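Residue numbers (the numbering used here): 7 to 289.
Next up, the structure:
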């Protein structure tokens with residue numbers, strides 16, 4: 007992993023120099039954009055609107071338009087000078103219980119690694135977070151924007167979860183949602199039984215992205231000129247009149263069902279121990 011930001015955790019009067027690393031990555035199929043007529047690759051160019059010439063990335067600067075066609079150019083040092091402390095510090099402002107944070111607020115996880123000579127204060131904060139069962143809520147600046155974050159101890163590392171702002175979340179009450187009293191007691195009881203029957207311990211390593219593999223199979227088949235056979239159909243909406251019957255059928259089927267994106271658990275076969283030799287009784 008490569009560090010993408012360095013600064014310090016500000017914990018009271020304690021400053022802990024750290025490096026920030028992205029804790030997640032995405033695996034996707036690398037698809038090229040092509041012209042439909044001749045399948046030529048499409049290239050995105052940055053064009054100077056006055057000269058019509060392509061501009062090299064190194065020659066591009068950032069600017070803010072203060073008047074029509076009039077800009078103020080901002081350099082890297084300008085962003086730091088706006089608030090030197092915020093651009094170089096993750097300032098913990100308060101501590102809260104993790105269950106108080108709605109999952110909607112979580113945006114992206116990062117790993118925090120202690121810099122040289124910061125191992126002890128880093129370990130102190132990590133163990134204090136673990137013992138108190140609290141997360142530290144703070145703020146920091148990344149990519150020219152201030153973010154709020156939650157610091158949590160997980161194993162030997164402190165994880166920084168970048169959070170969304172309250173103002174950035176949309177109000178779900180704008181949606182047309184059904185009231186709770188439109189369902190019957192029997193339907194609810196059956197649904198609860200189905201949930202109970204499908205309840206397992208969460209094992210994230212069991213879930214795999216199988217869609218990419220299926221898409222690769224289609225690519226290989228098309229490359230060989232083979233006909234693509236559709237094996238799966240899009241799910242159809244359940245009709246209201248068939249809801250109870252569908253729930254009953256789901257309960258029967260769920261006993262042997264394994265989610266499509268989950269690998270079946272390998273059964274552990276107990277090793278047979280050699281039978282103990284019986285001692286011959288003396289007559």
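Backbone N, C-alpha and C fix where the C-beta goes; we use that ideal spot for every residue, glycine too.
As the structure is a computational prediction, the values presented were derived from the model and not from experiment.
Inset, instruction - For the beta strand (DSSP E) containing residue 168, list its first residue and its last residue. - result: In the DSSP annotation of this structure, the continuous segment of the beta strand (DSSP E) that includes residue 168 starts and ends at 163 to 169.
Legend entry - Cβ contact check for the region 209 to 222 and the region 22 to 36: 3 or more pairs under 8 Å: Put simply, the region 209 to 222 touches the region 22 to 36. At least three CB pairs are less than 8 Å apart.
Inset, instruction - Measuring alpha carbon to alpha carbon, tell me which of 190, 145, 69 ends up nearest residue 84. - result: The option with the nearest alpha carbon to residue 84 is 69.
Inset, instruction - Look at the Cβ atom of residue 260, then the Cβ atom of residue 168, and state whether they are nearer than 8 Å. - result: The beta carbons of residue 260 and residue 168 sit no closer together than 8 Å.
Inset, instruction - Could you tell me which residues DSSP puts in a beta bridge with residue 231? - result: Partner(s): none; residue 231 has no beta bridge.
Legend entry - residue 115, enclosing beta strand (DSSP E) - first and last residue: It spans 112 to 120 - the beta strand (DSSP E) in which residue 115 sits, taken as one unbroken run.
Inset, instruction - Take residue 131 and list the residues in its own chain whose beta-carbon comes closer than 6 Å to its own, dropping the five residues that flank it on each side. - result: Correct list, in chain order: 17.
Inset, instruction - Taking residue 251 as the reference, give the member of 127, 7, 200, 152 with the closest Cα. - result: With distances taken between Cα atoms, residue 251 lies closest to 200.
Inset, instruction - Report the three-state DSSP secondary structure of residue 63 (helix, strand or coil). - result: Helix at residue 63.
Inset, instruction - Go to residue 136, then tell me how far its beta strand (DSSP E) extends in each direction, as first and last residue. - result: Judged by DSSP secondary structure, residue 136 falls outside any beta strand (DSSP E) and instead within the alpha helix (DSSP H) spanning 125 to 138.
Legend entry - First and last residue of the uninterrupted beta strand (DSSP E) at residue 26: Start and end: 20 to 28.
Inset, instruction - Decide if residue 188 is buried, meaning its Cβ has at least 16 other Cβ atoms within 10 Å, or exposed. - result: Under this definition residue 188 is an exposed residue.
Inset, instruction - Assign residue 73 to one of three DSSP states: helix, strand, or coil. - result: When secondary structure is reduced to three states using DSSP, residue 73 falls in the strand class.
Inset, instruction - Reducing DSSP to helix, strand and coil, say where residue 107 ends up. - result: DSSP places residue 107 in coil when its eight states are reduced to three.
Inset, instruction - Name the one or two DSSP bridge partners that residue 158 has. - result: Within the DSSP secondary-structure output, residue 158 pairs in a beta bridge with 165.
Inset, instruction - May I have the straight-line CA-CA distance separating residue 277 from residue 124, to the nearest angstrom? - result: The predicted model places residue 277 with a pLDDT of 40, which falls under 50 and marks its position as unreliable, so this point remains unresolved.
Inset, instruction - From the DSSP output, in three-state form, read off residue 208 for me. - result: Three-state DSSP puts residue 208 in coil, outside helix and strand.
Legend entry - Rounded distance between the beta-carbons of residue 39 and residue 48, thought under 8 Å: The Cβ separation is near 4 Å, so the contact holds.
Legend entry - Beta-carbon proximity of residue 13 to residue 95, cut-off 8 Å: Yes, the pair counts as a contact, with Cβ atoms nearer than the cut-off.
Legend entry - Span separating the alpha-carbon of residue 103 from that of residue 256: Taking the straight line from one Cα to the other gives about 37 Å.
Inset, instruction - Quick one: grab the DSSP three-state call for residue 180. - result: Reduced to three states, the DSSP call for residue 180 is helix.
Inset, instruction - Work out the CA separation of residue 162 and residue 24 for me, nearest whole Å. - result: Rounded to the nearest angstrom, the two C-alpha atoms are 14 Å apart.
Inset, instruction - With DSSP as the reference, please indicate the residues paired to residue 80 in a beta bridge. - result: In DSSP, residue 80 forms a bridge with 68.
Legend entry - Where the beta strand (DSSP E) containing residue 13 begins and where it ends: For residue 13, the enclosing beta strand (DSSP E) has its first and last residue at 11 to 17.
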